[in-house]
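Just below is one structure, and these are the notes that go with it.
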Amino acid sequence: MSKLNDFLTEAGVFYLATADGNQPKVRPLGAHFEMDGKVLFGIGDFKEVYKQLIANPLTEIVAANKEGKWLRYTGKAVFGTDEKYAKAALDAMPDLKNIYNETTGHKMMMFHLEDATAVIIPMMGEGEKIEC
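Start counting at 1 in the sequence shown, then tack on 399, and there's your number in our numbering.
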């Protein structure tokens, strides 16, 4: 997991793909962290991306680094119920506390991927599978 997390950190921005019915949707994200052997991602419970992942949890994350390598991380989004993950995310990114709090009623929903595969692919050549 560390290699996956490190690649996402190096890339800075990554892209999450979902489906809205028959329409693919892709959006940039940047928030992620590693905890308890999982790479975790957070999205708002009020956002369309959350509704899309609940309806169809199959997703793919793609990122590229400055060397021209790119990551494809594919799996099933599984949302956790342990509040410690959302707390850790908000502690790491305190600006998000303006969005996710009791006043707004918005919650940070944390997920990781299960039944996942990940590969780091150079611009030319074979990809390197990494452990998920």
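Ideal Cβ placement from N, Cα and C applies to all residues, glycine included.
Within the continuous beta strand (DSSP E) that includes residue i, where are the two ends?
{"i": "Lys475", "result": "Trp469 to Phe478"}
{"i": "Asp419", "result": "Phe413 to Asp419"}
{"i": "Asp514", "result": "Met507 to Ile520"}
Take residue i and list the residues in its own chain whose beta-carbon comes closer than 8 Å to its own, dropping the five residues that flank it on each side.
{"i": "Asp419", "result": "Glu447 and Gln451"}
{"i": "Asn455", "result": "Thr417 and Ala418"}
{"i": "Ala488", "result": "Ala430, Phe432, Leu439, Gly441, Leu495, Met507 and Met509"}
So, at 6 Å on beta carbons, what are the nonlocal neighbours of residue i in its own chain, with the 5 sequence-adjacent residues on each side left out?
{"i": "Thr516", "result": "Thr473"}
{"i": "Glu527", "result": "Ile519"}
{"i": "Ala462", "result": "Leu407, Ala410, Phe413 and Leu470"}
{"i": "Asn464", "result": "Glu409 and Ala410"}
From the DSSP secondary-structure annotation, give me the bridge partner or partners of residue i.
{"i": "Thr502", "result": "Bridge partners of Thr502: none, in fact."}
{"i": "Phe432", "result": "Leu439"}
{"i": "Glu527", "result": "Ile519"}
{"i": "Lys496", "result": "None, per the DSSP bridge assignment."}
For residue i, decide whether its Cβ has a neighbour in chain C, counting only Cβ atoms nearer than 9 Å.
{"i": "Gly479", "result": "Note that chain C does not occur in the displayed structure, where there is just one protein chain."}
Could you tell me which of the options sits nearest to residue i, measuring between CA atoms?
{"i": "Met509", "options": "Cys531, Glu433 and Gly524", "result": "Glu433"}
{"i": "Pro427", "options": "Glu459, Ile498, Ala485 and Asn421", "result": "Glu459"}
{"i": "Lys468", "options": "Lys483, Lys437 and Pro521", "result": "Pro521"}
{"i": "Ala476", "options": "Lys486, Tyr484, Asp490 and Leu457", "result": "Leu457"}
{"i": "Cys531", "options": "Asp435, Glu501 and Lys486", "result": "Asp435"}
{"i": "Gly479", "options": "Glu466, Tyr499, Gly524 and Ile453", "result": "Ile453"}
{"i": "Asp514", "options": "Lys437, Leu415 and Asp405", "result": "Lys437"}
Which residue marks the beginning of the alpha helix (DSSP H) containing residue i, and which one marks its end?
{"i": "Leu457", "result": "Where Leu457 is concerned, there is no enclosing alpha helix (DSSP H), although the beta strand (DSSP E) it sits in stretches over Leu457 to Ala463."}
{"i": "Asp490", "result": "Glu482 to Ala491"}
{"i": "Leu407", "result": "Ser401 to Ala410"}
{"i": "Leu452", "result": "Glu447 to Ala454"}
For a test of your reading of the model: does the CB of residue i fall under 8 Å from any non-hydrogen atom of the ligand SAM? Yes or no.
{"i": "Leu512", "result": "The ligand SAM is not part of the structure shown, which contains no ligands of any sort."}
Whole-angstrom Cβ separation of residue i and residue j, contact assumed at under 8 Å?
{"i": "Ile529", "j": "Lys402", "result": "5 Å"}
{"i": "Asp444", "j": "His505", "result": "6 Å"}
Suppose the cutoff is 7 Å on Cβ atoms and the five residues either side in sequence are ignored; what does the same chain contact list for residue i look like?
{"i": "Met492", "result": "Ala430"}
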